[in-house]
Amino acid sequence: MDAHTTPGAHQAGRLQILGICGSLRRRSYNRMALLAAHDLMPVELSLELAELDGIPIYNGDMEAEGIPEPVRQLADRIRAADGLLIASPEYNFSVSGALKNAIDWLSRLDPQPFRYKPVAVLSATQGPVGGARNQYDLRKILGCLEAQVLLRPEVFIGSCHTKFDAKGRLADEATRKVLGDQMAAFAHWVRRLRALDPARA
């Protein structure tokens, strides 16, 4: 299921961003954060969401029989996107299992879909830290795959259950400000890296 898909985004000169939520829960605060990021993006960016719930648990025996189709489809979407926006909860001081599992599968592909891809990360948790430990682990993992991760601004949405209203909209103005700043910086980051890629320039 896609959300906030903009038909003909490339034809209109907009940069296509693929959003990935590390939670499988439909009412996930991280999914809400991705939709809030969409609302705060510069007009030159367009966002659509990818789902992880069809990806099986990584198994080397399964890989030997062929990469599962949901993994191939996700890899194709990552390669086609101008950039990635990843939002993940923090589970036990680290990355969610669903997101790590998807990355483990994707890491087995050649050509590597994450290589040189502009990426921004954010996180929302009900605890006060806002997923900082998760993000630091995620940045290491993405660096291993040669993704180009935006360093700052960092977005940690702590006590997230108090930041969104009953309709799932981000209502906290301070959080909206930092998320908007990150989206502006991400647009610049995507444009900058795109200009260095002859295939996309």
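Using our numbering, you'd call the opening residue of the sequence shown number 11 and step up by one each time. For glycine and all other residues, C-beta sits at the position ideal for the given N, C-alpha and C.
query: Residues bridged to Leu25 (per DSSP); result: Leu55
query: Buried versus exposed call for Leu161 [16 or more other C-beta atoms within 10 Å across all chains shown]; result: exposed
query: Classification of Ile30 by the beta-carbon crowding that lies within 10 angstroms, buried from 16 upward; result: buried
query: Three or more C-beta pairs below 8 Å linking the stretch 149-156 and the stretch 184-197; result: no
query: Host alpha helix (DSSP H) of Leu161 (start-end); result: That residue, Leu161, is in no alpha helix (DSSP H); it is neither H nor E in DSSP.
query: Beta carbon of Val105 nearer than 8 Å to that of Ile167; result: no
query: Integer Cβ distance of Arg143 from Phe103, believed to fall under 8 Å; result: 5 Å
query: Contact the stretch 198-207 vs the stretch 170-185: 3+ CB pairs below 8 Å; result: no
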